[in-house]
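> In this note's numbering, the protein residues as written are 28 to 491.
No residue lacks a Cβ here, since even glycine has one placed at the ideal position from N, Cα and C.
The model shown is predicted, which means the values in this text are computed figures rather than measured ones.
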């Protein structure tokens with residue numbers, strides 16, 4: 028296999044041909060798939076908010092940051108799979124690609140089971156520490172425990188879809204999530220309206236839908252041709268590939284979890300205001316996350332295209348990838364963010380049916396974050412580029428300082444002095460600006476160093 032040859036039409040050769048068009052073809056299905064994945068929680072909130080009452084909505088909403096904390100750790104580890112598989116595919120390393128895929132699937136089961144068990148054990152004490160309102164605590168714990176029981180399925184889907192994205196196939200994961208999303212909505216309505224299961228019903232519906240998505244993605248890998256084909260009997264951890272995946276995945280996972288930790292601190296601040304603030308900000312967060320997923324799709328494009336071209340040593344295409352992704356994310360961020368804020372009130376009313384004050388809190392959050400989301404896009408593209416060229420640790424350090432440490436410091440200083448929703452959420456754009464500057468400065472440094480090193484190596488030694 029060579030980088031200049033696509034094995035199947037579903038694969039994408041990112042190292043040759045028109046770059047801009049391929050980035051667009053890649054990121055649009057990723058964006059839609061990410062949004063569909065978020066619709067699981069959005070459907071949960073919409074159904075319980077309208078058919079089970081504001082207490083049920085507050086129970087589901089108050090769990091979001093904690094749930095994301097553990098979800099993001101597993102999703103971050105899957106980023107290691109994406110990065111390593113993309114580099115091996117670009118370099119034409121068949122054997123390494125085969126080992127990486129089977130190592131990834133072994134890691135997905137182990138990580139999913141471990142994180143799910145941890146979540147079940149710690150959810151109640153952590154929700155108490157977060158200041159969850161006493162009247163919704165038991166419902167929130169029940170929702171979390173059912174959700175964490177299905178966590179291995181979430182992990183399998185994330186790792187297997189990361190393999191498909193790494194070889195340029197973003198359409199099939201999107202199709203599988205459409206199928207799962209429809210199942211999720213139908214089951215939500217049946218479990219809540221017909222069977223009156225409230226938060227337990229929406230959690231169970233989500234697990235069933237995730238099972239479907241995971242099964243379809245794994246089946247896809249098992250029936251494909253090429254070195255990335257999955258054979259269940261060959262699933263095992265290969266030391267070399269595991270080391271490479273973990274070297275990228277652990278910093279990515281920790282970074283995502285640190286983001287979620289800072290969001291837990293922010294959620295604690297919201298919880299301290301009022302139940303209406305919790306409901307309003309929970310609904311706004313669901314809408315806000317849709318905008319973020321549109322932005323985050325360019326992170327995956329930057330990571331994967333830079334990764335394949337890093338493996339093929341096509342350095343000029345790496346630079347063009349970053350430029351194109353930055354331009355696209357500016358347009359997408361401004362368009363989606365502005366439109367979302369313009370429609371904020373009717374969107375919030377999908378989730379909130381009985382509280383004008385909760386809607387006001389939600390609108391304020393969306394005003395501050397959505398209009399500036401394109402800056403978050405710069406941060407995501409820079410982070411993806413660093414990981415794509417095999418510098419995951421600097422990306423982690425930059426992000427933790429810029430988007431986590433500064434955010435927490437802001438909450439315990441400025442927000443403590445001025446405890447309003449507006450002051451609380453200003454911490455987001457501030458963190459995005461700092462992280463963006465750090466990411467692009469580090470990328471420029473490592474890119475120049477990488478090119479200078481290869482210019483001193485005879486061309487015959489650059490052949491894979």
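1) Taking the alpha helix (DSSP H) that residue 129 belongs to, which residues open and close that run?
2) Quick one: is residue 391 buried, meaning 16 or more other Cβ sit within 10 Å of its Cβ, or exposed?
3) Just tell me which of 162, 353, 154 has its CA closest to the CA of residue 168.
4) Taking 6 angstroms as the limit between beta carbons, can you name the residues of its chain near residue 32, skipping five residues before and five after?
5) From residue 253 to residue 74, what distance separates their C-alpha atoms?
6) So, under 8 angstroms CB-CB, residue 231 and residue 242 are touching, yes? Tell me the CB distance rounded to an integer number of Å.
7) When the distance is taken between beta carbons, is residue 426 closer than 9 angstroms to residue 285?
8) Looking at the structure shown, is residue 491 part of a helix, part of a strand, or coil, going by DSSP?
9) Quick one: grab the DSSP three-state call for residue 34.
10) If we define contact as Cβ-Cβ less than 9 angstroms, is residue 136 a contact residue for chain B?
11) Where does residue 29 land, buried or exposed, given buried means 16+ other C-beta within 10 angstroms?
12) Any idea what DSSP makes of residue 293, helix, strand or coil?
13) So, with DSSP's three-state summary, where would you put residue 394?
14) Going residue by residue through the region 322-376, where are the continuous beta strand (DSSP E) segments of at least 3 residues, counting only ones entirely within it?
15) Among 363, 342, 374, 145, whose alpha-carbon lies nearest the alpha-carbon of residue 398?
16) CB residue 248 to CB residue 128, shorter than 9 angstroms?
17) Helix, strand or coil for residue 258, going by three-state DSSP, please let me know.
18) Starting from residue 246 and walking both ways along the alpha helix (DSSP H), at which residues does that stretch end?
19) Can you say whether residue 336 is buried or exposed, counting buried as having 16 or more other CB atoms within 10 angstroms of its CB?
20) Is there contact between the region 331-350 and the region 309-322, where contact requires at least three CB pairs shorter than 8 angstroms?
21) Could you tell me if residue 423 is buried or exposed, where buried requires 16 or more neighbouring beta carbons within 10 angstroms of its beta carbon?
22) Run the CB neighbour count on residue 211, radius 10 Å, all protein chains shown included, and call it buried at 16 or more, exposed below.
23) Rounded C-beta distance between residue 229 and residue 87? I'm assuming under 8 angstroms.
24) Taking the beta carbon of residue 186 as the centre, do at least 16 other beta carbons fall within 10 Å, making it buried, or is it exposed?
25) Secondary structure at residue 410, three-state DSSP: helix, strand or coil?
26) How would you label residue 401, buried or exposed, when you count the other beta carbons within 10 angstroms and need 16 or more for buried?
27) I'd like to know whether the C-beta atoms of residue 112 and residue 57 end up nearer to each other than 9 angstroms.
28) Taking the Cβ atom as the reference point for each residue, do residue 52 and residue 417 lie within a distance shorter than 9 angstroms?
29) Give every residue of the same chain whose Cβ lies closer than 6 angstroms to the Cβ of residue 411, excluding the five residues on either side of it in the sequence, and list them in chain order.
30) Does residue 190 come out as helix, strand or coil in the three-state DSSP assignment?
31) Hey, residue 240 and residue 108: beta-carbon distance below 9 angstroms or not?
32) Considering only residues of the same chain and omitting the five flanking positions on each side of residue 353, which have a CB-CB separation below 6 angstroms?
33) So, are the CB atoms of residue 238 and residue 60 less than 9 angstroms apart?
34) Taking the Cβ atom as the reference point for each residue, do residue 236 and residue 179 lie within a distance shorter than 9 angstroms?
35) Which residue's Cα is closest to the Cα of residue 296: 459, 267, 160, 41?
In terms of the structure at hand:
1) Where residue 129 is concerned, the enclosing alpha helix (DSSP H) stretches over 121-156.
2) Flag for residue 391 reads buried.
3) By alpha-carbon distance to residue 168, the top candidate from 162, 353, 154 is 154.
4) Bear in mind that the predicted position of residue 32 carries a pLDDT of just 43, short of 50, making it too unreliable to give a figure here.
5) If you take the alpha carbons of residue 253 and residue 74, they lie about 43 angstroms apart.
6) Incorrect: roughly 17 angstroms between the Cβ atoms, too far for contact.
7) Contact check for residue 285 against residue 426 passes: the beta carbons are separated by less than 9 angstroms.
8) Here the model assigns residue 491 a pLDDT of 32, short of 50, so the residue's position is not dependable, and the following value carries that caveat. It is coil, neither helix nor strand.
9) Caution is warranted here: a pLDDT of 41 is assigned to residue 34, below 50, making its placement in the model unreliable, and the coordinate value is therefore given only provisionally. It is coil, neither helix nor strand.
10) The chain labelled as chain B is not found in the depicted structure, where only one protein chain is given.
11) For residue 29, the pLDDT reaches just 43, beneath the cut-off of 50, and the residue's location in the model is therefore unreliable, leaving the point undetermined.
12) Residue 293 falls in the helix class under three-state DSSP.
13) Here DSSP, grouped into helix, strand and coil, assigns residue 394 to helix.
14) Listed in chain order, there is nothing to give.
15) Comparing C-alpha distances from residue 398 to each of 363, 342, 374, 145 shows the shortest one belongs to 363.
16) Closer than 9 angstroms, so yes.
17) Note: residue 258 maps to coil in three-state DSSP.
18) Start and end: 225-250.
19) Classified as buried, residue 336 has 16 or more neighbouring CB atoms from the shown chains inside 10 Å of its CB.
20) Judged by Cβ distances under 8 angstroms, the region 331-350 makes no contact with the region 309-322, as fewer than three pairs qualify.
21) Counting Cβ neighbours within 10 Å, residue 423 comes out buried, since at least 16 surround it.
22) Buried: at least 16 other Cβ atoms inside 10 Å.
23) Correct: roughly 7 angstroms between the Cβ atoms.
24) The residue in question, residue 186, is buried, as its Cβ has 16 or more Cβ neighbours within 10 Å.
25) Residue state, collapsed to three classes: helix.
26) The residue in question, residue 401, is buried, as its Cβ has 16 or more Cβ neighbours within 10 Å.
27) Residue 57 sits away from residue 112, with the two beta carbons spaced by 9 angstroms or more.
28) No, the Cβ-Cβ distance between residue 52 and residue 417 is not below 9 angstroms.
29) Answer for residue 411: 326, 329, 330, listed in chain order.
30) Correct three-state label for residue 190: helix.
31) Taking a C-beta distance under 9 angstroms as the contact criterion, residue 240 and residue 108 do not qualify as a contact pair.
32) Closer than 6 angstroms at Cβ, skipping near neighbours: 408.
33) Not in contact: residue 238 and residue 60 (Cβ atoms no closer than 9 angstroms).
34) Contact flag unset, no.
35) Considering only alpha carbons, the answer is 160.
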